[in-house]
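Step one of this worksheet: look at the structure below.
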Amino acid sequence: MLHPSEEEAEARRLRDEERQRQSARSVEGVVDLDVLRGWGEVRDASLRSEHILPAMARLVLLHGQEEIGLHGPKLVLGRLNAQFGPVDTLMSELFDHERYRIGAPHVHLSIDEREEWSLRVLTADSPTHLNDLLLPLGGRPHKIKSGDILRLDTNAFRFEVCEEISLSRWTNAFQDILTTERRPALLLKRDGGLCGPRLGMSQRKLYTVGRSFPRLRRLPHTMSAPPLDWDLSGLFEHERKHVAYRHIALRPLNDQDWAVAPLSRRHRVFVNRVEISEVTPLEPGDEIGLNTILLHYHNPRADQPSSTHTIRLPIASDWSQEDTKSIDREDLDRELEHDANTEDG
Amino acid sequence: MPTPKMGETVSLGGRTCTIERRWECRTLQYAFGRSNSGGAAALWQTPPESSWQVFAARAFTRHIQRAPTLLVSDAESSRAIVSLKPPLEDIALWDDAAWRRLPWIDVVDALLELAHTLQDIHDVGVGFDGLSRQHLLRDTRHARFVLAAAPSLIELDGDVELIWRDLKFFAELLYERAAQRAFPGVHKLAELLQDRGQLVQLNLLIPGVVQILAGCVTPFGKMAYLSTQELIDGLRHLRLEVDEPLRLTVGTHSTMGGAISRRNNQDSCGHMLIDTVAGSRASTMGFFCVADGIGGIEDGERASSLAVGFAGEAFARAWAHHGAQELMGAPTLFARGIAKTVSQRLTVEGEFAPALNRGGTTFSGMLFAHDRVGIGHAGDSRIGLVRDGQLTWLTEDHTLAHLLERAGAPSSEDLEQRELHNRTLSRFLSTRMEIELERIGGFGSHVPHTLSLTEDRLHDLGLLAMRGDAFLLTSDGIHGVLLEEELVELVHAYDNPQSAADAIGRAALHALAKDNLTVLVVYVR
């Protein structure tokens, strides 16, 4: 029987060993996967860069060295169940057998104007304990403060607030980023906050977002598809798998606005955490979800200030601007093919 | 110090030594003894007028790492006593019979190490004035020699004749090992080398051996070695010639099985073997895999057969671009890279031809590079090693049951639920979403690290395969119904892998498996 601190050290050592055995980095350092694949991926290194918005708080795994940074004021944490929309952090630091019984999703964490964090339980399938007190599903949010121990099923975390990063300071930093971005853009989010990489949409044209894929004669759609405008192959392993090879298209609406169109039959697209199946016009500050990869839609129109995302239902079809017919996805595909052919021709 | 007698105990630098043998050579006398601490020692006296001890100091202290000897001098005595103490325990005197019995690969390795030691000493400008087997002790546990005495050290001064005097010893030893008889002397050997018939009769016409004999015979012949490096090169070529690389043979058996509910075979398996011989260097590279399809009837079959095809492509590309050496250096990393490639390639099918590609598959792949083996795996198909009458499963099942076990959850009371947990996969290759590299398994954490050699390098260097091994790749239709002992028995019963695979398939069929049956057997010979 090991002493508690010995037990902890042992648990830590086992996790490190396991990590080393599974490490993606060691494979990538030795094996040229582009060679094995037979096609090259466009891997933008900035997709794996550090956050540009600092973490306001952290969840520190008690039996390991990993930390989950909370880089935004509102986050949904837990396993992903696509039916319930995206999660802000995938808890990839946990192993399968640790993550297994975490709720999908499990908790919602948020900070208010009084700089106080609170926690809402989103699942009854798996227990949630705050300082050994079992929290029920739903009900009022529970206050959580620095030093509190949060247990999601058997995974224990210590909640730590980063005192220097207050909500107001974070909000200013967030606004600064948006102010300096003068064109419409999609900005990548991670762990609740913007992390830097973006797609600038300076031209009024169709933009497609996805991942590098091979051109194969026996898969005709791969041959006719136009090149991607934003290639997300460079995302981390646990993120990039969520992005379809051709996931969404951004289509200009009138001379200022944009709409998003889902391109993949097997991968979901969300706007403000609600799944869409057709072309959907966007409002500045909207959040697009490629499965669970979240993008902030920015459009610095003079009359509408950008805001953090708000969860709203997408506007179905009731707007009266010209050039806004609802587009069938197959029509859009044909349109994209046509664009590709004219580019090549 | 007076010349020690046989059986006498001598004290030297804190150690006591019992003399086992004595020689006299020129003006020197030296003796070999075993010290009280178990180590061996050879001692001799230096002649009063020579500067021989300077040579000894120069030669041996500089190369302590290479030459397995240690130099000690007795500072108290007015006459310097130089003692070479081999730091090995299982040391014994030279034995002609043992030498003639030594396997060829060990013969060459021992001579190579001796040649390297000799080269270091020659580099310092010193020679032995002829090596003799009386100067060598042998390590009885490993095929190694220990240079235990150097009574006639002499300055080389660039004299080729003196280098040759040391090199001809190698011809002596090789001759005796090949012909199994005493060395007839260099002049007789020179004669023999002109006579092909005699060479054949004496069993000297061995590729690599005859070249070294010619090189060592005289310093003035056309083929003569002029430096120890040439001897080393000759020995390296000989090593390639005597090296018996592992050879792989494969058998496969895959059927839909006897379960009435199974109307097709969703299992697939495949392998690629690339055998090459380049400059006498033989090498075998291979990739073997088993895939068990998931999903509706056609979906599963299509996914598993695509997976096997994609794996072959990826392996061929890896071999072509990375090359054999790199694959040998990290077989597990390459095997996992191949599994990742297969996974991604399946999702390309899934996205661009979705109606045809809705299923998924397990995937267990084994990469074989010369003698190193790596694994890349996701799902509940398995890879096992049969060695020394035991079967060790090398993979962990990616099932819910196994996941719960790792999570420390007690197994369910309900039999039906336990069965369900055994059948539910926690990881597999899907046509919808690719699997992360981190979740592609290699060797299971339960696999003993000793299979990798001495270090814990299964996760990249992989397992060291040995002659006599058998590898089994099975879908759950096989390992779900046959016990480890049964599989071992069946492997031992057949000397060719196809018969073993068929026998295993039949045994599983008769055990009323509820699933498709697939087994791929690899024999390492």
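One line per chain: the protein sequences are A and B, in this order. Numbering-wise, our numbering comes out as the position in the first sequence, counting from 1, plus 1. Numbering-wise, our numbering comes out as the position in the second sequence, counting from 1, plus 286. Note that beta-carbon positions come from the ideal geometry of N, C-alpha and C, so glycine has one too. No experiment lies behind these values; they were computed from the predicted model shown.
*asked:* Below 8 Å on C-beta distance, what does residue 245(A) contact in chain B?
replied: Contact note: residue 245(A) reaches chain B through 637, using a C-beta cutoff of 8 Å and chain order.
*Please confirm if the stretch 700-712 of chain B is in contact with the stretch 680-688 of chain B, defined as three or more CB-CB distances below 8 Å between the two stretches.*
Below 8 Å, enough C-beta pairs join the stretch 700-712 of chain B and the stretch 680-688 of chain B to call them touching: three or more.
*asked:* I need the straight-line Cα distance from residue 616(B) to residue 422(B), nearest angstrom please.
replied: Distance between the alpha carbons of residue 616(B) and residue 422(B): 39 Å.
*At a Cβ threshold of 9 Å, is residue 137(A) touching chain B?*
With a threshold of 9 Å between beta carbons, residue 137(A) makes no contact with chain B.
*What residue does the beta strand (DSSP E) around residue 501(B) start on, and which one ends it?*
Note, residue 501(B): premise wrong, no beta strand (DSSP E); alpha helix (DSSP H) at 495-503.
*Mind checking if residue 355(B) is an interface residue toward chain A, Cβ cutoff 9 Å exclusive?*
Because the pLDDT at residue 355(B) is just 36, under 50, the model does not fix this residue reliably, and the value given afterwards should be weighed accordingly. For residue 355(B), not one C-beta of chain A is nearer than 9 Å to its own C-beta.
_On the criterion of 16 or more Cβ atoms from any shown chain inside 10 Å, does residue 607(B) qualify as buried, or is it exposed?_
It counts as exposed.
_Quick check: what's the CA-CA separation for residue 666(B) versus residue 648(B)?_
In this structure, the CA atom of residue 666(B) is about 7 Å from the CA atom of residue 648(B).
*residue 697(B), buried or exposed, once every other Cβ within 10 Å from all chains shown has been counted against 16*: Exposed: under 16 other Cβ atoms inside 10 Å.
*Any residues in the stretch 188-222 of chain A with a beta carbon nearer than 7 Å to a beta carbon of chain B? Which ones, in chain order?*
Residues of the stretch 188-222 of chain A with a C-beta atom less than 7 Å from some C-beta of chain B are 214, 215, 220 and 222, listed in chain order.
_Three-state class that DSSP yields for residue 271(A) in the structure shown_ = Assignment of residue 271(A) by DSSP, reduced to helix, strand and coil, places it in the strand class.
_Neighbouring residues, chain A, relative to residue 620(B) (Cβ below 7 Å)_ = Within chain A, the residues whose beta carbon sits less than 7 Å from that of residue 620(B) are 32, listed in sequence order.
*Would you say residue 665(B) reaches chain A, if we count a Cβ-Cβ gap shorter than 9 Å as a contact?*
It does not; no Cβ of chain A falls within 9 Å.
*asked:* So, under 8 Å CB-CB, residue 70(A) and residue 59(A) are touching, yes? Tell me the CB distance rounded to an integer number of Å.
replied: Correct: roughly 6 Å between the Cβ atoms.
*Answer with yes or no whether the minimum CB distance from residue 242(A) to chain B is below 9 Å.*
Interface residue, yes.
*asked:* From the DSSP secondary-structure annotation, give me the bridge partner or partners of residue 202(A).
replied: Looking at the DSSP assignment, residue 202(A) forms no beta bridge with any residue, so it has no partner.
_Under 8 Å (Cβ pairs) to chain A, residues found in the stretch 558-592 of chain B_ = Within the stretch 558-592 of chain B, no residue has its Cβ closer than 8 Å to any Cβ of chain A.
*With residue 679(B) as the anchor, note down where its beta strand (DSSP E) starts and where it stops.*
Here the beta strand (DSSP E) through residue 679(B) covers 676-679.
*With a Cβ-Cβ cutoff of 9 Å, do residue 283(A) and residue 255(A) count as a contact?*
No; because the gap between Cβ atoms is not below 9 Å, this pair is not in contact.
*Looking at chain A, which residues of the stretch 463-485 of chain B have a Cβ within less than 7 Å of any of its Cβ atoms?*
Under the 7 Å Cβ criterion, the stretch 463-485 of chain B contributes no residue.
_If we define contact as Cβ-Cβ less than 9 Å, is residue 267(A) a contact residue for chain B?_
Residue 267(A) counts as touching chain B.
*Looking only at its own chain, which residues have a Cβ that is under 8 Å from the Cβ of residue 624(B), when we skip the five neighbours before and after it?*
Answer for residue 624(B): 573, 597, 600, 601, 604, 651, 653 and 662, listed in chain order.
_Three-state secondary structure assigned by DSSP to residue 470(B)_ = Coil at residue 470(B), not helix or strand.
*Can you name the start and end residues of the alpha helix (DSSP H) that residue 619(B) belongs to?*
If you look at residue 619(B), you'll find it in the alpha helix (DSSP H) that goes 617-638.
_Whether residue 802(B) touches residue 717(B) by CB criterion (9 Å)_ = Their beta carbons are not under 9 Å apart, which means residue 802(B) does not touch residue 717(B) by this criterion.
*Could you tell me which chain B residues have their CB closer than 7 Å to the CB of residue 98(A), listed as they occur along the chain?*
Near residue 98(A) (Cβ distances below 7 Å), the residues of chain B are 689, 692 and 693.
*Figure out for me which residue from 216(A), 220(A) and 237(A) has the closest Cα to the Cα of residue 228(A).*
The shortest C-alpha to C-alpha distance from residue 228(A) to any of 216(A), 220(A) and 237(A) is the one to 216(A).
*Please state whether DSSP places residue 717(B) in a helix, a strand or coil.*
Of the three classes helix, strand and coil, the one that applies to residue 717(B) here is coil, per DSSP.
*What residues of chain B sit near residue 24(A), judged by a beta carbon separation below 9 Å?*
The contact set of residue 24(A) on chain B, defined by CB atoms closer than 9 Å, consists of 723, 724 and 745 in chain order.
*Is the stretch 115-135 of chain A touching the stretch 17-36 of chain A in the sense that three or more CB pairs, one from each, lie closer than 8 Å?*
Flag = no, the stretch 17-36 of chain A and the stretch 115-135 of chain A do not touch.
*asked:* Quick check on the DSSP output: the beta strand (DSSP E) that includes residue 785(B) runs from which residue to which?
replied: Run containing residue 785(B): none in the beta strand (DSSP E); it sits in the alpha helix (DSSP H), 783-796.
*Might you give, ordered along the chain, the residues of its own chain that have their beta carbon closer than 7 Å to the beta carbon of residue 549(B), omitting 5 neighbours on each side?*
Correct list, in chain order: 583.
*Using a Cβ cut-off of 7 Å, pull out every chain B residue sitting near residue 27(A), in sequence order please.*
Residues of chain B passing the Cβ test: 619 and 746.
*If you draw a straight line from the alpha carbon of residue 675(B) to that of residue 777(B), how long is it in whole angstroms?*
Using only the alpha carbons, I get a separation of about 9 Å.
*asked:* Considering just the uninterrupted stretch of the alpha helix (DSSP H) at residue 177(A), what are its terminal residues?
replied: Its alpha helix (DSSP H) spans residues 168-181.
*Measure the beta-carbon distance from residue 33(A) to residue 192(A) and round it to whole angstroms, keeping in mind my assumption that it falls under 8 Å.*
Taking the Cβ atoms as the reference, residue 33(A) lies roughly 30 Å from residue 192(A), outside the contact range of under 8 Å.
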